[in-house]
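Numbering (the working numbering), first residue to last: 5 to 451.
C-beta atoms are modelled at their ideal positions from N, C-alpha and C, and glycine is treated no differently.
These notes are about the structure you will find just below.
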């Protein structure tokens, strides 16, 4: 773990090394930073037990450190909340992401796609550009409209129009790699003392909650049953941070993978042309988006190769028994070799390592969207959105807004790498969420 603390390797790479070094074991004991004992779970059956099965209640809390007194709004995030509170908070948000609510949200997505199309046509044609920055502008535009009913001015025709956008000023650099981001990642994953020192100020976001506008947006739907303004601001923080960054990351990496895999890019373009023809030229509609199966498979395959979170980390809240480490040993509970997981122990589910396991995916480094064209269940082989009761509640919206932007761009343009030297892209070791170390630089050409 020292290489992670020094900013030399990402935490996902560290866990992947441990995973690969012990192919004969179901799980591996190791020490995290600050000499904290932990267990890395390798066996698919045990991964499922922890996330979905009988062991879930024994380790339902995510092992993250946020000071509830200093970062009140952040602790309203169901991913961060612990005990019974995460269930209450998640129950507030789940109704926002039903299929009917998604249909009501699509006009916000369609409007942002129109602005994205105009922005690219006026400001990017013929230039190399950084894909993550473009993707972030788009997702901020969607979330500002869908959550707050506001215009974020992130996709303006010229730079003068966007100078006053606090969305760009405050949020565009928020998840970018830096020495500070490494410190925040260490605090979040490993050090409650450090987390007690660090604090984000969200006063400006509370002002946005007060300034929200219109009826067809998430805060209006939530406001009908939220009694306290603080509760509404907490949910707004969750919807904002969860809604824009992970989708922007997914869109940027999808453009990167399609840029280096021309046949897959052409197949997405062929599919979107066929779907557009069946729907009178409309792509950003509920029925049309549902028919873009290969485009969605390309996004899921991108998320397999570049998961937003490189590992899920759970904290044991009730001691329970794990079977013996080796599969050739009797696995009955109570048999010789079983271990008792102590209260407070962190269980690491190494998402990146699982996604790159050749025993689970043939030729795992290869971009093959066809893997996700099969409708058979993936189980816990794919953890791009987590799994079980704490699975990402906004998965439908995340996929819909990203797919809409992807086909909007590919309808008019073909993409290629601006610099072959960046292939393969290097992942930053400094961030909690997956990010490119040097950006994702692409070129586009009008079709």
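Candidates 161, 83 and 170, of which the one nearest residue 209 by Cα: 170
3-residue-minimum beta strand (DSSP E) runs that sit fully inside the region 40-82, ordered along the chain: 40-45
C-alpha distance - residue 29 paired with residue 281, whole-angstrom precision: 52 Å
Residues that residue 32 bridges to, as DSSP identifies them: 44
Beta-carbon spacing of residue 106, residue 292 below 8 Å: no
Closest Cα partner of residue 129 within the set 161, 46 and 332: 161
Boundaries (first-last residue) of the alpha helix (DSSP H) holding residue 173: 170-175
Rounded C-alpha distance that separates residue 140 from residue 238: 22 Å
Range covered by the alpha helix (DSSP H) that runs through residue 165: 163-166
Neighbourhood of residue 303 by C-beta, 8 Å cutoff - its chain only, sequence neighbours within 5 removed: 254, 258, 403, 406, 407 and 410
Spatial distance of residue 338 from residue 325 (CA atoms): Note on residue 338: pLDDT 47, under 50, position unreliable in the model; no value is reported.
Top-ranked residue by Cα proximity to residue 64, from 353, 449, 71 and 427: 353
Exposure of residue 207, with buried meaning 16 or more beta-carbon neighbours within 10 Å: exposed
Neighbourhood of residue 432 by C-beta distance below 6 Å, restricted to the same chain and skipping five residues each side: 181, 439 and 441
For residue 388, the three-state DSSP class (helix, strand or coil): strand
Cα-Cα separation between residue 39 and residue 75, rounded to whole angstroms: 26 Å
Cβ-Cβ separation, residue 191 to residue 69 (assumed contact under 8 Å), whole Å: 6 Å
DSSP three-state assignment for residue 407, whether helix, strand or coil: helix
According to DSSP, residues forming a beta bridge with residue 445: 134
Nearest-angstrom beta carbon gap, residue 298 and residue 373 [assumed within contact, 8 Å]: 6 Å
CB-CB length for residue 50 against residue 31, believed under 8 Å: 6 Å
Bounding residues of the beta strand (DSSP E) (the contiguous stretch that carries residue 372): Counting along the chain, residue 372 falls outside any beta strand (DSSP E), and DSSP gives it neither H nor E.
Residue 318 classed as buried or exposed, judged by whether at least 16 other C-beta atoms fall within 10 angstroms: buried
Alpha helix (DSSP H) runs contained entirely in the region 210-271, provided each spans 4 or more residues: 222-227 and 233-263
DSSP three-state assignment for residue 324, whether helix, strand or coil: strand
Assigned secondary structure, residue 418 (DSSP; H/G/I helix, E/B strand, else coil): strand
Residue 315 versus residue 288: straight-line alpha-carbon distance, rounded: 32 Å
Alpha helix (DSSP H) segment containing residue 187, residue limits: 183-194
Whole-number beta carbon distance between residue 251 and residue 143, since they are thought to touch under 8 Å: 5 Å
Collapsed DSSP secondary structure at residue 316 in the structure displayed: strand
Backbone secondary structure at residue 358 - three-state DSSP: helix
Residue 167 burial status per 10 Å Cβ neighbour count (16 or more: buried): exposed
Same chain, Cβ closer than 7 Å to residue 300, five either side skipped, listed in chain order: 403 and 407
Residue 367 classed as buried or exposed, judged by whether at least 16 other C-beta atoms fall within 10 angstroms: exposed
Helix, strand or coil at residue 451 [DSSP, three-state]: coil
Cβ pair residue 305, residue 376 closer than 8 Å: yes
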